[in-house]
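The block underneath contains the structure these notes are about, expressed in structure tokens.
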Amino acid sequence: MWLPLHIGIDDTDSTRMGCTTYIASLLIEKITKREGIFLDYPTLIRLNPNVPWKTRGNGAICLRIRIHADRLDQVIEEAIETVKVNSDLDDGKTDPGIVFYVGEKIPREFTNFSLKTKQDIVKKNEALKLVKKYGAKALSFKYGRGIIGALAAVGETLIDDHTYELISYRIKRNRGTPRKLDEASVFRMDKVMRGLTFNNVDYEKRGVLITPRGPDPIFLGIRGESADAVKRAFSLLKIEEEIERWVIYRTNQGTDAHLRPVNNIDLIQPHHSVIVIGTLSRNPISIPGRHVIFTIADENKEIDCAAYEPTGKFRNIIRALTVGDIVQVFGGVRPSSEKTPMTINLEKIKIIRLNPKFLIQNPTCKFCEKHMESMGKEKGFRCKKCGVRERKAKKVQVQVKRDISTGLYIPPPRANRHLTKPLSRYGIEKTFYNTSPSDFWGHGPINHYL
Ligand code: ATP
């Protein structure tokens, strides 16, 4: 008898070492050896980016396989061992969790839990209750907070919008050394694969974004619209060091899955990511660190919004806003502190309506069309060029052109969160998982792993 097994994994790494996706890649190899059949790509699910205790990108992994009942226990043991051996258990903040669930269908309550974990703060107990209710198995090391992310990954089946990421891993010897990748080849690949991949490079700073900087095992990650696209993009790169392995993940990156529309500012809560409409009630100001802050309001309440220094030229758009402009803001909510009120950290902004801007000017001369000069309070105006005097002329109000226009603005890719939908993905969001059910749930062998 063959059983559908879902394995969720989270919280294995630290900033010093490791990566949960790398553990997944090792496990994929072991499962393949046990003749496990992959029912889906491994999935990489990004959870609430505002969780204070995340290591980096708050990502969790799920592997969905069909395994012979005789080998179920063996695979479970191997999964536990792989997580144990490859986690940074010495780090105070690493609390690995694994969830095993055997079932053809994912319970709706798991999916709801997953949605909550992307948008809210959840408690480990909520996860444990669901694990118990549906007869799943949860295993943890240390405090085991990773069970939250592990269950959320199992619950997210990515049947709506999704993207792909090909992640390649470095051989052990090279970890911690600078990554050897011909940068020009990344820019060339980006041009060829435009529209099919995203966030490869940052044109504002001319930087490569696909390689991380830290000592982790990841060599690079290419994000795109299909498995074929990321594979092709990978083949176009000039890589100058040995690659240990690579895996294509199906992900919720670049889908805005964390953002939740709220009807009014009053409903905004810390650690959520919101979409809310308001009217500028205070003009943008620059604060130390070159961050820009402004305030929006609705009938009941006000909230500050911040565009931080790393958002680069995006701040020029923000600086050009003025009181009365109507905007829709998108971003994570930073709780208030002793020094600052609750603030929306801007991930994007849609300018809905620009308030007309007026200037009070001296009248223009009807002959020369030049601005006249005042002859003193209530004494009228005189044209400097032709000398004509207008004793009854008054200052006039003229509407001036605004420096910005309505529309959607997103910071440069280097400042984007993993979940933020880039401009290039607007209009091409997926509404279903484009694989026949037999491929999805049925058989392999997998083509996503080398
Ligand atoms: P990396 O991206 O490098 O794998 P990370 O940023 O994913 O690391 P973790 O080390 O996994 O960070 O830490 C995140 C922790 O927060 C995990 O234990 C996860 O279970 C938990 N967590 C994730 N989302 C939530 C949430 N919404 N509420 C409460 N806890 C959460």
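Numbering (this note's numbering), first residue to last: 1 to 450.
Ideal placement from N, C-alpha and C gives every residue a C-beta, glycine not left out.
It should be emphasised that the depicted structure is a prediction, and the values quoted were computed from it without experimental measurement.
If you draw a straight line from the C-alpha of residue i to the C-alpha of residue j, how long is it?
i	j	result
HIS271	MET375	59 angstroms
PHE141	SER14	14 angstroms
LYS133	ARG66	22 angstroms
ALA306	ARG145	30 angstroms
HIS6	THR20	16 angstroms
TYR203	GLY195	15 angstroms
THR117	GLY149	7 angstroms
ASP190	LEU280	37 angstroms
PRO437	LEU236	Caution is warranted here: a pLDDT of 40 is assigned to PRO437, below 50, making its placement in the model unreliable, and the coordinate value is therefore given only provisionally. Going by the C-alpha atoms only, they are around 32 angstroms apart.
GLY224	THR163	6 angstroms
TRP2	CYS62	19 angstroms
ASN416	LEU115	21 angstroms
PRO178	PRO215	9 angstroms
ASP91	THR55	11 angstroms
ASN362	LYS395	5 angstroms
PRO356	ILE277	19 angstroms
ILE318	PRO284	7 angstroms
ARG391	LYS370	17 angstroms
ASP182	LEU44	27 angstroms
THR311	ASN264	26 angstroms
LEU130	ILE159	21 angstroms
GLU165	VAL400	46 angstroms
ASN345	VAL388	55 angstroms
TYR101	PRO52	28 angstroms
ILE410	LEU423	7 angstroms
If you check the beta carbons only, do residue i and residue j fall under 9 angstroms apart?
i	j	result
LEU8	VAL154	The amino acid occupying residue 8 in the given sequence is Gly; Leu does not appear at that position. Their beta carbons are under 9 angstroms apart, which means GLY8 touches VAL154 by this criterion.
ASN313	PRO412	One detail in the question is off: residue 313 reads as Lys in this sequence, not Asn. It is a contact, given that the beta carbons lie within the stated cut-off.
GLU302	HIS291	no
VAL247	ILE28	yes
ASP40	ARG64	yes
ASN50	ARG334	yes
HIS258	ARG16	no
SER273	ASN48	yes
ALA152	ALA136	no
Cβ of residue i within 8 angstroms of any heavy atom in the ligand ATP?
i	result
CYS62	no
GLY97	yes
ILE7	no
GLY254	no
ALA24	no
ARG56	yes
ILE121	yes
CYS305	no
VAL51	yes
ILE518	With the chain represented from 1 up to 450, any question about residue 518 goes unanswered, as that position is not in the structure.
LYS84	no
GLY59	yes
LEU72	no
LEU47	yes
For the beta strand (DSSP E) containing residue i, name the first residue and the last one.
i	result
PHE219	218–224
PHE100	97–102
PHE294	291–297
VAL327	326–334
GLU165	163–170
ILE239	Run containing ILE239: none; DSSP gives neither H nor E here.
How far does the alpha helix (DSSP H) with residue i in it reach, from first residue to last?
i	result
LEU39	Here LEU39 belongs to no alpha helix (DSSP H), and DSSP marks it neither H nor E.
ILE76	72–86
GLU347	Premise fails: GLU347 lies in the beta strand (DSSP E), 343–353, not in any alpha helix (DSSP H).
LEU63	Here LEU63 belongs to no alpha helix (DSSP H); instead the beta strand (DSSP E) covers 59–68.
GLU29	20–33
ILE317	314–319
VAL192	183–192
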